[in-house]
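For the protein sequence lines, the chains are H and R, in the order given. Sequential numbering of the first sequence, starting at 769, is according to this note's numbering. Sequential numbering of the second sequence, starting at 108, is according to this note's numbering. Cβ atoms here follow ideal geometry from the backbone N, Cα and C, with glycine treated the same way. These notes are about the structure you will find just below.
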Amino acid sequence: MRVFLVLVLTVSLVAMPAHALDFTAPTAPGEAQELLPESPETFGQGLLEVLRAVAPQIQPAVAEAAGVCLALMAAAMLTALVESLPGSPKEAVALAGAVAAGGLLLRPSGALIRLGSQTVTELSEYGKLLLPVMTAALAAEGGGTTSAALYTGTAVFDAVLGAVVAKLTVPMLYLFLCLAAANSAIGEDVLKKLRDLLKWMMTWSLKLVLYTFTGYMGITKVISGTADAAAVKAAKLTISGVVPVVGGLLSDASETILVSAGVMKSAAGIYGLLAILAICLGPFVRIGVQYLMLKLTAAACAVFGTKSFSGLVQDFSAGMGMLLAMTGTMCLLLLISTVCFMKGVG
Amino acid sequence: MEEIGQYLLRITAAAILCAMIRSLLGKEGTVAAMGKLLCGLFLAITVLTPWAGLGTVTFSALTGDVSMDAEEAVAVGENAAREALRASIKEGAEAYILDKAASLGAELTVEVTLTLDTPPAPGGARLEGKVSPYARTQLAELMTKELGIPKEAQQWLT
């Protein structure tokens, strides 16, 4: 009889507690929401759905970039043609070529820089909504120390990176493109060192934030993860000791709650990961296509155009590369943070 | 875009002006060297002026009350887990008593109260319904021995 009763209690305890815990990831903003699948069963399936939804954006991005690149090649040919004429003033041709290339590139590049900057802001805002949900879910799973440390680290690095991008990288990117255009217009490499310094500063500021963040996450997981695992084990032992006979079963109930919190956390994490990817993939495609097309154009211009002209196109392509790095860094920061939350206790 | 255009124009104009001055002063001699230095200085000031506005933000303004926010988020999760555990133990203990009561032929409704300790444990029970003296004794014994509910905390309503 006792065995039967214990069995009944076990079934009732295991079947019950999940309803009390509810951790849902925040809805992705605007266009990103349209890219997300309704209810992804696994991360892989969800990722495939997001990629399928993003794929149609590639062709319009290529068409848009191709228009600018064709105009650039025409300008490069014209510049080379004028320069080849006997008695043509080389400095004036270089200046005209730089003005033409700058005029053609500044507007689309400016639009893409604004897009990149807006994407970083959107990612940061979404991260601020997702972070408390993942923290609460991990704390419910018994990872109070880990989740507090992960929250603090992610929030601080998110704020620092957001400030680096808004106050440093984006203005520097504009300055970099301006210096590249001016350097090309002058014809001599007077501003080359300054331009290279800006590029170096942008690259290293992003690398520094990401390296420090990944280091912090690694250390946090090792230190607080062990403490949380020990605390969870101790809590289970305490529960089984408090109630005389069925304490062990009540301790199993607490484990069921931890498992259900873990399941909720995984579901919220998977949705969060997909939402982060959906926010950044569209802009990433547009900027990436522009980057590749400008690389191709710079290579083509180097064949028949002037050195300063192809150099300027190359610099704009490098600028788009840095924009990709900027967006990618923020995306990676949030992905790493979410995965750390999902990994759980121990 | 307008600011960028103006900045670009300023650099280009400064560079052209410097090139003209240097070509007028020649390539050798003290005056040419002095001219080169001054032109370089002028160009550097033109290029670097917009940089002055970059990176003026304090760390504390960025991070705010991150630790407090973290503690709040952790408290939300831990409270939710605690409440779920309380509900689970309460319902489990009630189901256990009801099943035992049914096997003894008693028709009861039961409400178990939990202690405020961490972790919570069954601390009292309120039982209502038809129950024979034998079944009542058996159930009281079971609640004390197997659930840790003392007899004085068991309330019988008939």
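- Mark H/R1054 as exposed unless 16 or more other C-beta atoms lie within 10 angstroms of its C-beta, in which case mark it buried. buried
- Task: Select from H/L1026, H/P900, H/G812, H/T887 the residue whose C-alpha is nearest the C-alpha of H/T920.
- Result: H/P900
- Item | Collapsed DSSP secondary structure at H/V1081 in the structure displayed | helix
- Message: When you compare the CB of H/A923 with every CB in chain R, is at least one pair closer than 9 Å?
- Response: yes
- Message: If the criterion is Cβ atoms closer than 9 Å, does the pair H/V1107 and H/G1037 meet it?
- Response: yes
- Query: So which residues of chain R does H/Y1059 contact, with C-beta pairs closer than 9 Å?
  - Reply: Residues of chain R passing the Cβ test: none, with the nearest at roughly 20 Å.
- Using a Cβ cut-off of 8 Å, pull out every chain H residue sitting near R/E248, in sequence order please. Within 8 Å Cβ-Cβ: nothing; R/E248 doesn't reach chain H, min ~12 Å.
- Item | When H/Y894, H/G1073, H/F1052 are compared against H/T1095, the one with the closest alpha-carbon | H/F1052
- Task: Could you confirm whether any beta carbon from chain H is found closer than 9 Å to the beta carbon of R/A139?
- Result: no
- Item | Assigned secondary structure, H/L803 (DSSP; H/G/I helix, E/B strand, else coil) | helix
- Between R/L249 and R/E235, is the Cβ-Cβ spacing less than 9 Å? no
- Helix, strand or coil for H/L899, going by three-state DSSP, please let me know. helix
- H/L1102 to H/E909, Cα distance in whole Å? 21 Å
- H/C1069 versus H/S852 - alpha carbon distance: 15 Å
- Message: So with CB distances below 7 Å, who are the chain H contacts of R/S239?
- Response: Near R/S239 there are no residues of chain H at all, since even the closest Cβ is about 18 Å away, more than 7 Å.
- Name the chain H residues that come within less than 8 Å of R/L148, Cβ to Cβ? The premise fails here: R/L148 is roughly 13 Å from chain H at the closest Cβ pair, so nothing lies under 8 Å.
- Would you say H/T980 faces chain R, with C-beta separation under 9 Å as the test? no
- By Cβ distance below 7 Å, which residues in the same chain neighbour R/V154 in space, the five residues on each side in sequence not counted? I118
- Message: Give me the chain R residues within the contact set of H/S1034, using Cβ-Cβ distance strictly less than 8 Å, ordered along the chain.
- Response: Near H/S1034 there are no residues of chain R at all, since even the closest Cβ is about 15 Å away, more than 8 Å.
- Query: Going by other Cβ atoms of all chains shown within 10 Å of its Cβ, with 16 needed for buried, is H/Q1058 buried or exposed?
  - Reply: buried
- Item | Cβ separation of R/V104 and H/S915, assumed to be a contact under 8 Å, to the nearest whole Å | Any question about residue 104 of chain R goes unanswered here, given that chain R covers just 108 to 265.
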